[in-house]
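Student: Can you keep this structure in mind? I'll have questions shortly.
Protein chains: 2
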Amino acid sequence: MRTMLMALFTTFLSLSPADAAASAGPPMVRIAEIEVDPAHLDAYKAFLAEEQEAAVRLEPGVLMLHSVALADHPNQIRLLEVYADHAAYKAHIASPQFQKYKTSTANMVTALKLVETDPILLCAKAGLAGATPTFACR
Amino acid sequence: MRTMLMALFTTFLSLSPADAAASAGPPMVRIAEIEVDPAHLDAYKAFLAEEQEAAVRLEPGVLMLHSVALADHPNQIRLLEVYADHAAYKAHIASPQFQKYKTSTANMVTALKLVETDPILLCAKAGLAGATPTFACR
């Protein structure tokens, strides 16, 4: 299994040598299950989106942050977090953007569960757009 | 809220005009919660990874497929699926790679729950590697 995933990784992560070096180990992947006070849902989403964008833009080790609301329970948020490694995660929670999010939303979040995971395979088009010809898996 | 997200989208999805056209509407995002017979877990993961890689590589409208196993329950799989739109999803489930996965794993999957979501913001580094300077949110 690991051999197969490494083969996929080697074959399809068609990036520069610098990229390959930066992504040698398995990333740290987590699911956050967040319940938000419905009265503050729009404000919460705005703080979350601002934090996601800043983190992926500014922090080399924050590889992905994807947030969704459950269609049947819009105040239930799910966040898929992908960090290059545990050090990148530690740097992230010390960052200004995370601290601003955490402080600003403290009174909006009514429940938080952090679910640790082991990644199987992460595949994305570069740029998240269908017309982009490149993609990567790791 | 929507205005802010659109501003983020416009500002940071720094792609070609073709990319921008392809990603005009909100993507279809779903979470699949999959329970696998532990006796077939490695085989299941191999079929899943093969299907993910082929779909993101071959199908223009399959933007991301990310799979993880829960650390505390390794036979509980979570899959974040991102399609350009509903038509892309319909094309995906008719594709050879999905049909192969579905047929091959039919006797391995003991429970399947599909959770519809409304995306808040999806942000990823291009290439999924920390050293890559570009990223996109949508």
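Each protein sequence line maps, in turn, to chains S and F.
Mapping of the first sequence onto the numbering used here: residues 239 to 376, in sequence order.
Mapping of the second sequence onto the numbering used here: residues 239 to 376, in sequence order.
We treat Cβ as the ideally placed atom computed from N, Cα and C, and that holds for glycine.
Bear in mind that the values here come from a model prediction, so they are computed numbers and not experimental data.
(1) Taking a contact to mean a Cβ-Cβ separation below 8 Å, would you say alanine 293 of chain F touches glutamine 337 of chain F in this structure?
(2) If glutamate 289 of chain S sits next to alanine 349 of chain S, beta carbons under 8 Å apart, how far is it from one beta carbon to the other, in whole angstroms?
(3) Go ahead and pull the three-state DSSP assignment for aspartate 280 of chain F.
(4) Unbroken beta strand (DSSP E) runs of length 3 or more, entirely within the segment 292-367 of chain F: which are they?
(5) Closer than 8 Å, CB to CB, is methionine 242 of chain F near chain S or not?
(6) How big is the Cα-Cα spacing for leucine 301 of chain S and arginine 316 of chain F?
(7) If I follow the unbroken beta strand (DSSP E) through leucine 376 of chain F, where does it start and stop?
(8) Select from the segment 292-309 of chain S all residues with a C-beta closer than 7 Å to any C-beta belonging to chain F, and list them in chain order.
(9) Return no unless some Cβ of chain F is closer than 8 Å to the Cβ of alanine 319 of chain S.
(10) Between the Cα of alanine 344 of chain S and the Cα atoms of S:Met266, S:Leu286, S:Gly263, which residue gives the shortest distance?
(11) If you drop the 5 nearest sequence neighbours on each side, which residues of the same chain put their C-beta closer than 6 Å to that of leucine 360 of chain S?
(12) Thinking C-alpha only, which one of F:Leu318, F:Lys340, F:Pro276 is nearest proline 312 of chain F?
(13) With 16 as the cutoff for other CB atoms within 10 Å, does threonine 372 of chain F come out buried or exposed?
(14) So with CB distances below 9 Å, who are the chain F contacts of aspartate 356 of chain S?
(15) Does the CB of isoleucine 331 of chain S have a neighbour CB from chain F at under 8 Å?
(16) Pull up the CB-CB distance for isoleucine 358 of chain F and valine 306 of chain S, whole angstroms please, since I reckon it's below 8 Å.
(17) So the candidates are S:Lys363, S:Val353, S:Ile331; which of them puts its Cα closest to the Cα of aspartate 310 of chain F?
(18) Hey, is cysteine 364 of chain S's beta-carbon within less than 8 Å of any beta-carbon in chain F?
(19) Could you give the C-beta distance for methionine 346 of chain F and histidine 304 of chain F, rounded to a whole number, given that I count them as a contact under 8 Å?
(20) Run through chain S and tell me which residues come within less than 8 Å of lysine 338 of chain F, C-beta to C-beta.
(21) Going by the beta-carbon positions, is the gap between arginine 268 of chain S and threonine 355 of chain S smaller than 8 Å?
(22) What's the gap between the Cα of glutamine 314 of chain F and the Cα of alanine 270 of chain F?
(23) List the residues of chain F that isoleucine 403 of chain S touches, going by C-beta distances under 9 Å, in chain order.
(24) CA-CA distance, tyrosine 339 of chain F and tyrosine 327 of chain F?
(25) Given a cut-off of 8 Å on the beta-carbon distance, is the pair glycine 299 of chain F and aspartate 280 of chain F in contact?
(26) On a CA-only basis, which of S:Ala325, S:Ala284, S:Glu297, S:Glu291 is nearest histidine 264 of chain S? Give me that one, please.
(27) Just to confirm, are glutamate 297 of chain S and serine 333 of chain S a CB contact at a threshold of 8 Å?
Tutor: The answer reads as follows:
(1) Stepping through the second sequence from its first residue, residue 293 of chain F is reached at position 55. Stepping through the second sequence from its first residue, residue 337 of chain F is reached at position 99. Not in contact: alanine 293 of chain F and glutamine 337 of chain F (Cβ atoms no closer than 8 Å).
(2) Stepping through the first sequence from its first residue, residue 289 of chain S is reached at position 51. Stepping through the first sequence from its first residue, residue 349 of chain S is reached at position 111. Contact doesn't hold; Cβ gap of about 19 Å is too wide.
(3) Here the question's residue 280 of chain F lines up with position 42 in the second sequence. The answer is helix: DSSP assigns aspartate 280 of chain F an H, G or I state.
(4) 300-308, 311-321, 347-363
(5) Indexing the second sequence from 1 puts residue 242 of chain F at position 4. Low confidence applies here, because methionine 242 of chain F scores a pLDDT of 44, under 50, leaving its location unreliable and the question unanswered by this model.
(6) Locating residue 301 of chain S in the first sequence gives position 63, counting from the first residue. Locating residue 316 of chain F in the second sequence gives position 78, counting from the first residue. If you draw a straight line from the Cα of leucine 301 of chain S to the Cα of arginine 316 of chain F, it comes to about 18 Å.
(7) What you label residue 376 of chain F is simply residue 138 of the second sequence in a count that begins at 1. Here the sequence assigns arginine to residue 376 of chain F, which means leucine is not the residue at that position. First-last for arginine 376 of chain F: undefined, no H or E at that position.
(8) Val294, Arg295, Pro298, Gly299, Leu301, Met302, Leu303, His304, Ser305, Val306, Ala307, Leu308, Ala309
(9) Along the first sequence, one-based indexing puts residue 319 of chain S at 81. Alanine is not the amino acid found at residue 319 of chain S; the sequence shown has glutamate there. Chain F, which has no Cβ nearer than 8 Å to the Cβ of glutamate 319 of chain S, makes this no.
(10) Translated into the one-based positions of the first sequence, residue 344 of chain S becomes position 106. The residue from S:Met266, S:Leu286, S:Gly263 with its alpha-carbon nearest to that of alanine 344 of chain S is S:Leu286.
(11) If you number the first sequence from 1, residue 360 of chain S lands on position 122. The answer, listed in chain order, is Arg376.
(12) In the second sequence, the residue the question calls residue 312 of chain F occupies position 74. It is F:Pro276 whose Cα lies nearest to the Cα of proline 312 of chain F.
(13) Looking up residue 372 of chain F in the second sequence gives position 134. Result: exposed.
(14) One-based indexing of the first sequence puts residue 356 of chain S at position 118. Chain F residues near aspartate 356 of chain S: Val306, Ala307, Leu308, Ala309, Pro312.
(15) On the first sequence, residue 331 of chain S is found 93 positions in, with the first residue counted as 1. It does not: the Cβ of isoleucine 331 of chain S has no partner Cβ on chain F nearer than 8 Å.
(16) The sequence position of residue 358 of chain F within the second sequence is 120, counting from 1. The sequence position of residue 306 of chain S within the first sequence is 68, counting from 1. About 6 Å separates the two Cβ atoms, so the contact holds.
(17) As a first step, residue 310 of chain F must be located in the second sequence, where it is residue number 72. Ranking the options by Cα distance to aspartate 310 of chain F, first place goes to S:Val353.
(18) Along the first sequence, read from residue 1 onward, the residue named residue 364 of chain S stands at position 126. The identity of residue 364 of chain S in the sequence shown is alanine, whereas the question assumes cysteine. Chain F, which has a Cβ nearer than 8 Å to the Cβ of alanine 364 of chain S, makes this yes.
(19) As a position in the second sequence, residue 346 of chain F is number 108, starting the count at 1. As a position in the second sequence, residue 304 of chain F is number 66, starting the count at 1. Going by Cβ atoms, the distance from methionine 346 of chain F to histidine 304 of chain F rounds to 20 Å, so no, they are not a contact pair.
(20) Here residue 338 of chain F refers to the residue found at position 100 of the second sequence. Correct list: empty, because the minimum Cβ distance to chain S is about 15 Å.
(21) What you label residue 268 of chain S is simply residue 30 of the first sequence in a count that begins at 1. What you label residue 355 of chain S is simply residue 117 of the first sequence in a count that begins at 1. Yes. Within cutoff.
(22) Position 76 of the second sequence, counted from the start, is the residue given in the question as residue 314 of chain F. Position 32 of the second sequence, counted from the start, is the residue given in the question as residue 270 of chain F. Roughly 10 Å separates the two Cα atoms.
(23) Outside the modelled stretch of chain S, which goes from 239 to 376, sits residue 403 of chain S, for which no answer is possible.
(24) As a first step, residue 339 of chain F must be located in the second sequence, where it is residue number 101. As a first step, residue 327 of chain F must be located in the second sequence, where it is residue number 89. Approximately 15 Å between the Cα atoms of the pair.
(25) Taking the second sequence and counting its residues from 1, the one referred to as residue 299 of chain F is at position 61. Taking the second sequence and counting its residues from 1, the one referred to as residue 280 of chain F is at position 42. No.
(26) One-based indexing of the first sequence puts residue 264 of chain S at position 26. First, the residue type needs correcting, since residue 264 of chain S is proline and not histidine in the sequence shown. Nearest of S:Ala325, S:Ala284, S:Glu297, S:Glu291 to proline 264 of chain S, Cα basis: S:Ala325.
(27) Position 59 of the first sequence holds residue 297 of chain S. Position 95 of the first sequence holds residue 333 of chain S. By the CB criterion at 8 Å, glutamate 297 of chain S and serine 333 of chain S fall inside the cutoff.
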